[in-house]
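Number of protein chains: 2
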Amino acid sequence: MLNIRSSYVKTKEILYTLIHRYQPVARSDLADISGLTRASVSNIVKEFLQLGLVQESDKKGVGIGRKKVLLKINPKSIHVIGVDIGRRNIVATVYNAGGKILRTERLFSPSIKTLHESVEDVKRILSRILTWTHSKEIHIDAIGIGIPGPVDPEKGIVHSAHFRGNEIVNLKESIEISCKIPTFVEKDVNAAALGEQWFGDGKKHDSFVYLLVVEGIGAGMIIDGHLYRGVHDLAGKVGRFVFPAIEENGKRIFIFEEFGSEISALKFAEENAIKSKNGYLYTTMQKRQLSIGDLIDGFREKDPAAIEAVDSMAYYTAITVANLVFFADPDLIVIGGDFAGISPRFIQQVREEVETILNGHPLPELRASPIHDISISLGAATRAISEVASKKLS
Amino acid sequence: MLNIRSSYVKTKEILYTLIHRYQPVARSDLADISGLTRASVSNIVKEFLQLGLVQESDKKGVGIGRKKVLLKINPKSIHVIGVDIGRRNIVATVYNAGGKILRTERLFSPSIKTLHESVEDVKRILSRILTWTHSKEIHIDAIGIGIPGPVDPEKGIVHSAHFRGNEIVNLKESIEISCKIPTFVEKDVNAAALGEQWFGDGKKHDSFVYLLVVEGIGAGMIIDGHLYRGVHDLAGKVGRFVFPAIEENGKRIFIFEEFGSEISALKFAEENAIKSKNGYLYTTMQKRQLSIGDLIDGFREKDPAAIEAVDSMAYYTAITVANLVFFADPDLIVIGGDFAGISPRFIQQVREEVETILNGHPLPELRASPIHDISISLGAATRAISEVASKKLS
């Protein structure tokens, strides 16, 4: 059912988000941004101050006239743990309400485990990190988890499509029983989009897309200021885009991800390395199976096979970006993933290819995520902070 | 800037839309649907009744208890003209606020004109229809126009990408000067999506897509109850979807529309007809150049070349539908255009192909538009009605 965002609680939640995005910010600017009256903003801010969620910063001089009191989030008002569950890496980080990192624990698994096994790993590192927070007398208000989908963000149920085996786990319940802390689960790309909105490049944009190009390809979409999850929480599966086999004149269907993901770039690099019979990747291949990390190292070592694979990756990423522009026409597309992180050249290449494809069509801003390494865990923390704040505000 | 939908006017506008979508509807149900309190709903409805926008219907018995008063839009409160400007057909229709057709005027042009010439045609049929409304003493509050994009829906400026020549026209201004009636311009698919939301299959769906498959392919998207136009009013250009040339291992890019539109289906049918050297299409081709209308007639006459072309069309439409599902995960996809209208078989075929592609992924409802022939003009009228109501409510 359509939910009119007019109830008082919703308004408070939105205003709290706006303070996160625009801080330090004056009450008058909040009124302008939100479309609320100054009186409404003042009333709500008063409540924020009483709850300790927000604090007034030092007065800032503006010209020779009156000084404006600026508002910012009270960083100590909420503490959460943001967890990024990848296929091989699990990272758990303690954040305060200001998004500041207080402590991080990591766990690397050389092989891909089942979802159940991964959840046991999560419990282990949460237990380690909670021992630390306990010793520092930091109260953890909530845990936020980002994990590859499909995810039911209400119930916290996860399907193990990206892990070994075929399992369905109630991750929220499992962590809540183990840690006795309210837990919220979000699809990794959706978490990252929230993180970018509150703490990254999405702060000043109402509609933007976070595009993650890793072993799979997925997008988290903020539309008109809100995370858009889709009716079955499956929106943004841009890696699953299908296209027809033109040459065959038949009904063969290609899935985009089979060509544009890190996996296919690695395969492409391997083939080139074997053909050339030399270079960093070829030498490494004699010792062991290549990993994405090797591909990145090979790129840094200027191995031609690796460079060519990264070029191909930029080409496919550009196609995804162009299609996102045709579908969603966003302000900004933030690209996350290992490749976007390795060199400014990658984003520049993607931009050039996109310009060619779009052919005069307005281009969105295009950037590598500035918070790339932590965008999922910070985004998961963002969901947790927003849930804790909502509860305090209701 | 983010606009909190909490100002009183916005709330009234949303409630007015909800009465359109759910009428006849009780105040208590409106409160449940909107999340507003019953007191707020009652206050706003009181204003609607005073303005004459809404009327109370006959009391309806519910069990043996109290009878509920149901609300519905007062059909006579607003009258508008909805105009559908196609490349060859222009249709102008007088609607009342209840979406009832009072009169229609049409104009067919065998050739594609320039945008300026088309606008002159529009003025001609508007003048004809206004003579009629004048004689019937019907006051026209506004004109709504749906036209292929790109369109600036605020300023009413249209680029003639789909017409002959290369022109930019301020359509809003041109019609307002000519007719002295407030005019609003919307991209055809966006207008149709609004029409479906207020009067068609979108009434009960918060997120749905109107997919138009004609000479081009485009989508109008309702996301969380609101028309999503994109940052440059260019969202939903699904026909421009690009994909790589896999066989070539090169950087060739295909544009989807070149394969999946009516134009390509017609070309495909022509090639097949020439090969077979008989059938309805082949016979017609001896006399004149084939049109989309001939293809539809050929399909009705069971010409194998036409049937095969329609099958191919269903296949490409299914690819677009699948990509819309992966991208937006909507409740419902309404398919408009000549092919969707010609036979239930077409939609059934699309559904089967989509099921195969989605492979277990949840399917949205998939339907041919029930208001297909009028969805653009009714949608343009919807925009006009909503603008008139907004003005009365502010």
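Sequence order for the protein chains is V and Z.
Take the position in the first sequence, starting the count at 1, then add 2; the result is the number in this note's numbering.
Take the position in the second sequence, starting the count at 1, then add 2; the result is the number in this note's numbering.
Just so you know, even glycine gets a beta-carbon here, dropped at the ideal spot from N, CA and C.
Using beta carbons (cut-off 8 Å, strictly below), is P306/V in contact with chain Z?
no
Under 8 Å between C-beta atoms of D31/V and Y24/V
yes
Check for me: the beta strand (DSSP E) holding K2/V runs from which residue to which?
Since the first residue shown for chain V is 3 and the last is 396, residue 2/V is missing from the structure and cannot be characterised.
Quick check: is the beta carbon of K78/V nearer than 8 Å to any beta carbon in chain Z?
no
Can you find the residues in the same chain that come closer than 6 Å, C-beta to C-beta, to Q351/Z, ignoring five residues on each side of it along the sequence?
A316
Hey, would you say P364/V sits closer than 8 Å to V211/V, going by beta carbons?
no
Can you tell me which of I183/V, E273/V, R40/V, A94/V puts its alpha carbon nearest to the alpha carbon of S379/V?
A94/V
Secondary structure at N192/V, three-state DSSP: helix, strand or coil?
helix
Take the Cβ of T39/Z as the centre, count every other Cβ of all protein chains shown within 10 Å, and call the residue buried at 16 or more, exposed below.
exposed
Contacts that S209/V makes with chain Z (C-beta to C-beta distance below 7 Å)
V233
Secondary structure at F245/Z, three-state DSSP: helix, strand or coil?
strand
Any Cβ of chain V within less than 8 Å of the Cβ of A237/Z?
yes
Confirm, please, whether the CB-CB distance from G151/V to K115/V is below 8 Å.
no
Taking all protein chains shown into account, do 16 or more other C-beta atoms lie within 10 angstroms of the C-beta of K102/Z, making it buried, or fewer, making it exposed?
exposed
Inter-residue Cα distance where the pair is R290/V and E310/V:
21 Å
Would you mind reading off the limits of the beta strand (DSSP E) that contains E367/V?
367 to 370
What does R369/Z reach in chain V if we use C-beta pairs closer than 7 Å?
By Cβ distance, chain V contributes nothing, its closest Cβ being about 16 Å from R369/Z, past 7 Å.
DSSP state of A28/V mapped onto helix, strand, coil:
strand
Work out the CA separation of L17/Z and S392/Z for me, nearest whole Å.
11 Å
Taking 7 Å as the limit between beta carbons, can you name the residues of its chain near I257/Z, skipping five residues before and five after?
R242, V244
Could you tell me which whole alpha helix (DSSP H) segments of length 4 or greater appear in the region 175 to 232 of chain Z?
190 to 201
Per DSSP, what are the beta-bridge partners of R105/Z in this structure?
V96/Z
In chain Z, which residues lie with their C-beta within 7 Å of the C-beta of V244/V?
I321, A324, N325, I359
Judging by CA-CA distance, which residue of R166/Z, N172/Z, I149/Z is the nearest neighbour of I159/Z?
N172/Z
So, is the C-beta of K253/V closer than 8 Å to a C-beta in chain Z?
yes
Residues in the same chain with beta-carbon distance under 6 Å from R369/V, minus the five sequence neighbours each way, listed in chain order, please.
D203, V336
Going by C-alpha to C-alpha distance, which of H374/Z, V327/Z, S345/Z sits closest to G362/Z?
V327/Z
Where A194/V meets chain Z, residues with beta-carbon distance less than 7 Å
Here the premise fails: no neighbours, minimum Cβ distance about 17 Å.
Between the region 223 to 241 of chain Z and the region 185 to 200 of chain Z, can you find at least three pairs of beta-carbon atoms closer than 8 Å?
yes
Since A271/V and A307/V should fall inside the 8 Å C-beta cutoff, what is the C-beta to C-beta distance between them, to a whole number of angstroms?
5 Å
Expected contact under 8 Å - CB spacing of N168/Z and S162/Z to nearest Å
6 Å
Considering only residues of the same chain and omitting the five flanking positions on each side of D235/V, which have a CB-CB separation below 8 Å?
G151, P152, V153, D154, P155, K189
C-beta neighbour in chain V for E15/Z, strict 8 Å:
no
Reducing DSSP to helix, strand and coil, say where T116/V ends up.
strand
Just the C-alpha distance for G338/Z and I376/Z, rounded to the nearest angstrom, thanks.
10 Å
Which class does I147/V belong to by DSSP, given the choice of helix, strand or coil?
strand
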